[in-house]
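Trainee: In our numbering, the protein residues as written are -18 to 435.
Note that the Cβ used here is the ideal one computed from N, Cα and C, for glycine as well.
Quick one: this structure, given as structure tokens, is what I'll be asking you about.
Printed below as a string of structure tokens:
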């Protein structure tokens, strides 16, 4: 190494990569990289350039689609397979799929590496006129892609979508093939990637995914914001609609996640609290009726929870002292058990307080009862929204498309247009990462003009 006081293996000028340095760690022998932070101006320019490149497709997408649709009926098998792969990448958002050492890596699959065993025609045995194919394979990061595509559906046939022809092509490509044989046997990732670059400079399957993700998000906003009831929605309800649009993009890109035990427990807890709130509202209505009839003696009152709170606080303080003073293994075990018991006592106290949160310590007035019923109605509505949002999104990863595929300027414009705090959509990390996108006006659009920007 020529740098005094340093022992780098080599100094290299390589403008094609984004890392600053790399080294091989001594446990698994993997190469690790040091890169600039996500919020750096260098990364910001790279992100902006990526989304602007995707926006260039707005001007070219009709020509690209017309070209590959025409080739779907070509006599040449190679041309027909190339056109079918283009349709799949565009409409189903599949990755190209590269060559790898299957002895070393999981059997992940993309468009070019689809095998006959990954396709099941007419999965529900509906008859010969059925145009459904069930696609099932492991995609990137070994995430299962399992979707039944109805190529005869309106979404794939309207505006000369050619879904029926694509189905016929798949039947033709799969005819007489063994389960382990490739569907696109005349096509390689190299050929497909070269073809994409011929169409548009810098075009890749990822650019298609970025374009389709951004366009889908913007189109979903357009549909919902034109509804007559849109202006009366609260900011929280608009966030739910945003997440619904985000979920459509995540489904398109097959961004899934497995449901953890913690998520299931959380959903059960929210469901339990929701039922308690509904029961409490029924009690409040009954209290109002009793007040109106002047039957105040039978109205339930809140029991003092002061002793429970004090006991839980003392238990936590005692457990903390035990942990600080513990020296022997036996003392440490005892301190840990005391800490767990104190935390459980605190949870029980919180639950006891929640169960009687709707009551008063003395007889309320009718006005107080009416006001509390309204408060509980709002709480129930908010919790139902929260439960629906968490349940709808439990198997879908909204973050992947938000970080990598949806142009952040669409989201910023949506928030400004609808007076939704950006903090409700983007975390602090994402706000720092996309600080370059924060200045766009409320009427900003993802279109061909964006693609012309540098």
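1) Is the separation between the beta-carbon of residue 333 and that of residue 265 shorter than 8 Å?
2) On the premise that residue 382 lies in contact with residue 230, defined as a C-beta separation below 8 Å, what is that separation, rounded to the nearest angstrom?
3) Only counting the same chain, and skipping five residues up and downstream in sequence, which positions put a Cβ closer than 8 Å to that of residue 214?
4) To the nearest angstrom, how far is it from the Cα of residue 417 to the Cα of residue 25?
5) For the candidate residues 395, 406 and 277, whose alpha-carbon lies nearest to that of residue 344?
6) How many angstroms separate the CA atom of residue 103 from the CA atom of residue 158?
7) How far does the alpha helix (DSSP H) with residue 14 in it extend, from its first residue to its last?
8) Which same chain residues end up closer than 8 Å to residue 273 when comparing Cβ atoms and leaving out the 5 residues on each side of it in sequence?
9) Strictly by DSSP, which residues pair up with residue 441?
10) Does the beta-carbon distance from residue 428 to residue 36 come in below 8 Å?
11) Which of the three DSSP states is assigned to residue 321 in this structure?
12) Report the CB separation of residue 74 from residue 190 in whole angstroms; it is logged as a contact under 8 Å.
13) Counting only the same chain and skipping the five closest in sequence on each side, list residues whose C-beta sits under 8 Å from that of residue 386.
14) Mind checking whether residue 269 and residue 361 have CB atoms under 8 Å apart?
15) Assess, as a yes-or-no matter, whether the region 312 to 329 is touched by the region 296 to 303 under the definition of 3 or more beta carbon pairs within less than 8 Å.
16) Taking 8 Å as the limit between beta carbons, can you name the residues of its chain near residue 168, skipping five residues before and five after?
17) For the region 136 to 145 and the region 97 to 111, state whether three or more C-beta atom pairs, one from each stretch, are separated by less than 8 Å.
18) Which residue comes first and which comes last in the beta strand (DSSP E) that contains residue 154?
19) I'd like the list of long-range same chain contacts for residue 236, defined as Cβ closer than 6 Å, with 5 residues on each side in sequence excluded.
20) Contact check, residue 432 vs residue 122 under 8 Å by CB: the rounded distance?
21) How long is the line joining the alpha carbons of residue 175 and residue 421, rounded to whole angstroms?
22) Using a Cβ-Cβ cut-off of 7 Å (strictly less than) and excluding sequence neighbours within five positions of residue 259, which residues of its own chain qualify?
23) From residue 393 to residue 211, what does the alpha carbon distance come to, in whole angstroms?
24) So residue 102 is in the beta strand (DSSP E); what residue range does that whole segment cover?
25) Counting only runs that start and end within the region 206 to 255, where is the alpha helix (DSSP H) found for 4 or more residues in a row?
26) Start and end of the beta strand (DSSP E) containing residue 424?
27) What residue range is occupied by the uninterrupted alpha helix (DSSP H) comprising residue 25?
28) Just reading off the alpha helix (DSSP H) that residue 380 is part of, what are its end residues?
29) Considering Cα atoms alone, identify which of 267, 326 and 317 is closest to residue 292.
30) Indicate the three-state DSSP secondary structure (helix, strand or coil) for residue 341 in the structure shown.
31) Would you kindly work out how many angstroms separate the C-alpha atoms of residue 14 and residue 33, rounded to a whole number?
32) For a test of the three-state rule: what should DSSP assign to residue -7, helix, strand or coil?
33) Am I right that residue 217 and residue 400 are in contact with their C-beta atoms under 8 Å? What's the rounded C-beta distance?
34) Does the Cβ of residue 281 have 16 or more other Cβ atoms within 10 Å, making it buried, or fewer, making it exposed?
35) Considering only the beta carbon of each residue, do residue 262 and residue 358 sit closer than 8 Å?
36) Per DSSP, what kind of secondary structure is residue 5 in: helix, strand or coil?
Mentor: Well, looking at it:
1) no
2) 5 Å
3) 222
4) 6 Å
5) 277
6) 17 Å
7) Unbroken run through residue 14 is the beta strand (DSSP E), 12 to 16; no alpha helix (DSSP H).
8) 347
9) Past the boundaries of the shown model lies residue 441; the chain is included only from -18 to 435, so the question cannot be answered.
10) yes
11) helix
12) 5 Å
13) 190, 191, 194, 195, 230 and 234
14) no
15) yes
16) 59, 62, 63, 66 and 93
17) no
18) Run containing residue 154: none in the beta strand (DSSP E); it sits in the alpha helix (DSSP H), 144 to 155.
19) 378, 381 and 382
20) With a Cβ gap of about 29 Å, residue 432 and residue 122 do not count as contacting.
21) 35 Å
22) 361
23) 18 Å
24) 100 to 102
25) 216 to 233
26) That residue, residue 424, is in no beta strand (DSSP E); it is neither H nor E in DSSP.
27) 22 to 36
28) 379 to 385
29) 326
30) coil
31) 27 Å
32) coil
33) About 12 Å; that fails the 8 Å criterion.
34) exposed
35) yes
36) strand
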